[in-house]
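J.:
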Amino acid sequence: MDAIRKQLDVLMGANRNGDAREVSHKYYDRDVCRLFLVGLCPHDLFQLTKMDMGPCLKIHSLRLRKEYEEAKVKGDHNYDRELEDMIERRIVECERKIQRALKRLESEDAKAAVAISVSKVTQTPEVMELSKQIKEKLKEADVFDFEGKTDSKMWVLELVEELKAQIADKQSVLLLDAFNEDRVSLPLQNQNPSQLASLPVVNPPDPRTQEMINEKLKKAEDLGERGMIDEAQKALEEAETLKKLGVRQEPTLESSKYSAADVRITDQKLRVCDICGAFLSVYDNDRRLADHFGGKLHLGYMLIREKLAELQEGRNKKRKVDRSEDDRRAKNQSRDRDRAGSKDQDVDKETEIEILIGLAVMTQGAEGHVLARGIVVEIMTDIGIMAGTDIFPSGLRRVSVMDREGYKWMLTRLL
1 MDAIRKQLDV LMGANRNGDA REVSHKYYDR DVCRLFLVGL CPHDLFQLTK MDMGPCLKIH
61 SLRLRKEYEE AKVKGDHNYD RELEDMIERR IVECERKIQR ALKRLESEDA KAAVAISVSK
121 VTQTPEVMEL SKQIKEKLKE ADVFDFEGKT DSKMWVLELV EELKAQIADK QSVLLLDAFN
181 EDRVSLPLQN QNPSQLASLP VVNPPDPRTQ EMINEKLKKA EDLGERGMID EAQKALEEAE
241 TLKKLGVRQE PTLESSKYSA ADVRITDQKL RVCDICGAFL SVYDNDRRLA DHFGGKLHLG
301 YMLIREKLAE LQEGRNKKRK VDRSEDDRRA KNQSRDRDRA GSKDQDVDKE TEIEILIGLA
361 VMTQGAEGHV LARGIVVEIM TDIGIMAGTD IFPSGLRRVS VMDREGYKWM LTRLL
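Going by full-length UniProt numbering, 182 is the number at position 182 of the sequence shown; the sequence numbering is gapless.
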């Protein structure tokens with residue numbers, strides 16, 4: 001029932017029944033899913049898989065998400081870090097699963113420990129462009145959902161599924177090419193050419209046996225995606241047993257005519273997907289690989305890895321902006337302090353000078369020097385031509401103040 005309700009929420013919106021409870025809520029309420037507001041709720045990722053977390057018990061609302069995004073721009077709230085922490089925990093669990101799988105394969109086949117980087121092999125510019133189109137279409141679907149245009153939303157979601165299928169097909173071909181190169185590099189089971197002639201030729205299995213083999217391989221892949229490593233290995237061994245049931249006959253060709261593929265075809269060489277941790281065989285065909293890339297587990301982990309990179313990039317950009325703003329603010333504060341200090345210094349100088357002039361008034365009858373507050377004051381009582389060119393009216397006195405830093409202040413005051 002919960003799964004059906006979730007599907008209806010996706011198609012028609014969480015407020016499809018006119019739920020007044022959702023309308024009356026604010027984005028910052030406790031029963032609103034903050035992770036959904038940021039853009040990704042983990043409960044929606046792995047439905048109907050072993051990683052299924054069940055339905056989210058909190059409110060998912062596009063209206064509240066829009067309100068949150070507007071508030072975030074104003075600097076009111078930011079829940080990005082909460083989503084980033086959740087994603088990091090999920091990825092750490094996945095990485096542990098990958099390491100366990102690699103360790104198991106390494107114990108059986110050291111060559112298998114050298115995992116092909118699925119993410120690097122399959123992320124071509126064309127695939128990345130399709131992924132970008134999917135993100136844009138999903139945003140369009142959210143807009144249609146917010147506006148209540150259900151038909152338009154469903155049409156856009158159908159386009160999204162078609163784009164996902166295109167990506168899965170292209171990625172399967174890319175990985176298949178990588179696996180073909182990987183198979184060429186695999187060592188022969190028997191490096192002695194003289195013994196190759198004694199190996200029997202295994203004819204292709206009959207259609208019914210081949211169908212059973214395909215079922216076993218599919219089962220192994222599903223078990224691997226759910227993290228059931230032992231069960232997946234057992235299913236692969238059963239598939240190998242079925243392959244060996246073909247009609248055998250002694251070889252009639254020379255040993256030099258045996259290809260490496262003839263000798264290795266009965267060995268199931270496994271690799272581990274570095275995105276979701278599922279087992280992949282180097283002998284998988286493009287259809288099986290496409291099913292893997294289109295599976296919910298792989299798509300879910302791909303989505304959270306992309307979201308984590310997006311959140312980290314946004315946080316780093318914000319950190320650079322904040323650092324630049326802090327530097328600019330610090331420079332302004334330093335400049336203001338310098339200006340304030342200069343003004344205070346000028347005020348102090350003027351105050352001291354006024355005091356010294358007062359002392360000069362007290363000693364106006366004498367010509368010489370006085371020492372006040374550590375500053376030497378030269379009092380000149382000459383009347384008339386001062387400093388050779390400056391003419392002062394009678395009654396003015398020229399006071400020259402020189403501080404310890406060597407600054408000279410030329411003052412006139414009526415005594």
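The beta-carbon is built from N, C-alpha and C at its ideal position, and this holds for glycine as well.
None of the values given here were measured: they were computed from a predicted structure.
(1) On a Cα-Cα basis, can you pick out the residue from Asn332, Lys120, Lys149 and Lys153 that is closest to Glu136?
(2) Per the contact definition of three or more C-beta pairs closer than 8 Å, is the segment 268–281 in contact with the segment 114–129?
(3) Just curious, the beta strand (DSSP E) that Val272 is in, first and last residue?
(4) Rounded to whole angstroms, what is the Cα-Cα separation between Glu88 and Gln233?
(5) How about the segment 62–82 and the segment 286–302: do they share at least three Cβ pairs that are nearer than 8 Å?
(6) How far does the alpha helix (DSSP H) with Ser131 in it reach, from first residue to last?
(7) Give me the Cβ distance between Phe46 and Gly300, rounded to the nearest whole Å; I'm assuming they're in contact under 8 Å.
(8) Pick out whichever of Gly39, Arg271 and Phe36 has its Cα sitting closest to the Cα of Val282.
(9) Among residues of its own chain, excluding the 5 on either side of Gly224, which ones have a beta-carbon nearer than 6 Å to its beta-carbon?
(10) Which partner residues of Leu40 appear in the DSSP bridge assignment?
(11) With DSSP collapsed to three states, give me the class of Val32.
(12) Does the contact criterion of 3 or more C-beta pairs under 8 Å hold for the segment 94–108 versus the segment 70–82?
(13) Looking only at its chain, what residues have a beta carbon closer than 7 Å to the beta carbon of Asp390, apart from the 5 residues adjacent to it on each side?
(14) Hey, how far is the Cα of Leu48 from the Cα of Asn332?
(15) Give the range of the alpha helix (DSSP H) segment to which Phe293 is assigned.
(16) Run through DSSP, which three-state label would Leu371 get?
(17) Assign Phe46 to one of three DSSP states: helix, strand, or coil.
(18) Buried or exposed: where does Met302 fall if 16 or more other Cβ atoms within 10 Å of its Cβ makes it buried?
(19) Under three-state DSSP, which class holds Ser152?
(20) Judging by CA-CA distance, which residue of Lys269, Ile304, Glu161 and Val156 is the nearest neighbour of Glu181?
(21) Just to confirm my understanding: we take Val173, look at its own chain, exclude 5 residues before and 5 after, and list those with CB closer than 7 Å. What are they?
(22) Please tell me whether Lys153 has its Cβ less than 8 Å away from any Cβ of chain D.
(23) So Leu57 is in the beta strand (DSSP E); what residue range does that whole segment cover?
(24) Assign Phe293 to buried or exposed, taking buried as 16 or more other Cβ atoms, counted over all protein chains shown, within 10 Å of its Cβ.
(25) So the candidates are Phe36, Ala168 and Gly39; which of them puts its Cα closest to the Cα of Ser131?
(26) Output yes or no for whether 8 Å exceeds the beta carbon distance between Leu83 and Leu311.
(27) Suppose contacts are defined by Cβ-Cβ distances below 8 Å. Is Leu157 in contact with Gln133 by that definition?
(28) Assign Ser281 to one of three DSSP states: helix, strand, or coil.
(29) How big is the Cα-Cα spacing for Ile59 and Cys33?
(30) Which term fits Ser24, buried or exposed, when burial requires 16 or more other beta carbons within 10 angstroms of its beta carbon?
(31) What residue does the alpha helix (DSSP H) around Lys120 start on, and which one ends it?
(32) Use the C-beta contact count for Pro125: other C-beta atoms within 10 angstroms, 16 or more gives buried, fewer gives exposed.
(33) Report the option in Glu238, Val321, Arg30 and Met53 whose CA atom is closest to the CA atom of Glu215.
(34) For Leu236 versus Ile91, is the C-beta spacing smaller than 8 Å?
(35) What number of angstroms, rounded off, separates the C-alpha of Trp155 from the C-alpha of Gln171?
(36) Kindly indicate which three-state DSSP category Asp326 falls into: helix, strand or coil?
T.: Once the coordinates are examined:
(1) In the sequence shown, the residue the question calls residue 136 occupies position 136. Among Asn332, Lys120, Lys149 and Lys153, the Cα nearest to that of Glu136 belongs to Lys153.
(2) The segment 114–129 is in contact with the segment 268–281.
(3) Here residue 272 is taken as the residue at index 272 of the sequence shown, counted from 1. First-last of the beta strand (DSSP E) with Val272: Leu270 to Val272.
(4) Here residue 88 refers to the residue found at position 88 of the sequence shown. Here residue 233 refers to the residue found at position 233 of the sequence shown. Taking the Cα positions, Glu88 is about 29 Å away from Gln233.
(5) Not touching, per the Cβ criterion.
(6) Counting from 1 along the sequence shown, the entry for residue 131 is found at position 131. Taken as a continuous stretch (DSSP letters only), the alpha helix (DSSP H) holding Ser131 covers Pro125 to Glu147.
(7) Here the question's residue 46 lines up with position 46 in the sequence shown. Here the question's residue 300 lines up with position 300 in the sequence shown. With a Cβ gap of about 5 Å, Phe46 and Gly300 count as contacting.
(8) If you number the sequence shown from 1, residue 282 lands on position 282. For the residues Gly39, Arg271 and Phe36, the minimum Cα distance to Val282 belongs to Arg271.
(9) Taking the first residue of the sequence shown as 1, we reach residue 224 at position 224. Take Gly224, set aside five residues on each side of it, and the residues of its chain with a beta-carbon closer than 6 Å to its own are Ala232, Ala278 and Phe279, in chain order.
(10) On the sequence shown, position 40 is the one that residue 40 refers to. Within the DSSP secondary-structure output, Leu40 pairs in no beta bridge.
(11) Taking the sequence shown and counting its residues from 1, one reaches residue 32 at position 32. Assignment of Val32 by DSSP, reduced to helix, strand and coil, places it in the strand class.
(12) They do not touch, by the three-pair rule.
(13) Locating residue 390 in the sequence shown gives position 390, where the first residue counts as 1. For Asp390, the predicted model reports a pLDDT of 36, less than 50, meaning its position is unreliable; a value from the coordinates is still stated below. Here the set comprises nothing.
(14) The count along the sequence shown starts at 1 and reaches residue 48 at position 48. The count along the sequence shown starts at 1 and reaches residue 332 at position 332. Approximately 58 Å between the Cα atoms of the pair.
(15) Counting from 1 along the sequence shown, the entry for residue 293 is found at position 293. Start and end: Asp286 to Phe293.
(16) Here residue 371 refers to the residue found at position 371 of the sequence shown. Because the pLDDT at Leu371 is just 41, under 50, the model does not fix this residue reliably, and the value given afterwards should be weighed accordingly. When secondary structure is reduced to three states using DSSP, Leu371 falls in the strand class.
(17) Along the sequence shown, one-based indexing puts residue 46 at 46. Note: Phe46 maps to coil in three-state DSSP.
(18) Residue 302 sits at position 302 when you count from the first residue of the sequence shown. Buried.
(19) Within the sequence shown, residue 152 is the residue found at index 152, counting from 1. DSSP places Ser152 in the helix class (H, G or I) of the three-state scheme.
(20) For the purposes of this step, residue 181 is identified with residue 181 of the sequence shown, where counting begins at 1. Each of Lys269, Ile304, Glu161 and Val156 was checked against the Cα of Glu181, and the nearest Cα belongs to Lys269.
(21) Against the sequence shown, residue 173 aligns to sequence position 173. The answer, listed in chain order, is Asp286.
(22) Considering every chain present, this structure includes no chain D. It has just one protein chain.
(23) By one-based count along the sequence shown, residue 57 stands at place 57. Following the DSSP letters along the chain, one finds Leu57 in no beta strand (DSSP E), marked with neither H nor E.
(24) As a first step, residue 293 must be located in the sequence shown, where it is residue number 293. By the 10 Å Cβ count, Phe293 comes out buried.
(25) Numbered from 1 along the sequence shown, position 131 holds the residue referred to as residue 131. That would be Ala168, whose Cα lies nearest to the Cα of Ser131.
(26) Against the sequence shown, residue 83 aligns to sequence position 83. Against the sequence shown, residue 311 aligns to sequence position 311. Cβ atoms of Leu83 and Leu311: closer than 8 Å.
(27) As a position in the sequence shown, residue 157 is number 157, starting the count at 1. As a position in the sequence shown, residue 133 is number 133, starting the count at 1. Going by C-beta atoms, Leu157 is not nearer than 8 Å to Gln133.
(28) The count along the sequence shown starts at 1 and reaches residue 281 at position 281. In this structure, DSSP gives Ser281 an extended state, which the three-state scheme calls strand.
(29) Sequence index remark: in the sequence shown, residue 59 carries index 59 (1-based). Sequence index remark: in the sequence shown, residue 33 carries index 33 (1-based). The alpha-carbon atoms of Ile59 and Cys33 are separated by roughly 6 Å.
(30) Start at 1 with the first residue of the sequence shown, and residue 24 comes out as number 24. Exposed: under 16 other Cβ atoms inside 10 Å.
(31) What you label residue 120 is simply residue 120 of the sequence shown in a count that begins at 1. Run containing Lys120: Val118 to Thr122, per the alpha helix (DSSP H) assignment.
(32) As a working mapping, residue 125 is identified with position 125 in the sequence shown. With fewer than 16 other Cβ atoms within 10 Å, it is exposed.
(33) Translated into the one-based positions of the sequence shown, residue 215 becomes position 215. Out of Glu238, Val321, Arg30 and Met53, Glu238 has the C-alpha closest to the C-alpha of Glu215.
(34) As a working mapping, residue 236 is identified with position 236 in the sequence shown. As a working mapping, residue 91 is identified with position 91 in the sequence shown. No. Outside cutoff.
(35) Reading the sequence shown from its first residue, position 155 is the one you call residue 155. Reading the sequence shown from its first residue, position 171 is the one you call residue 171. Roughly 25 Å separates the two Cα atoms.
(36) In the sequence shown, the residue the question calls residue 326 occupies position 326. In the three-state DSSP reduction, Asp326 falls in the helix class (H, G or I).
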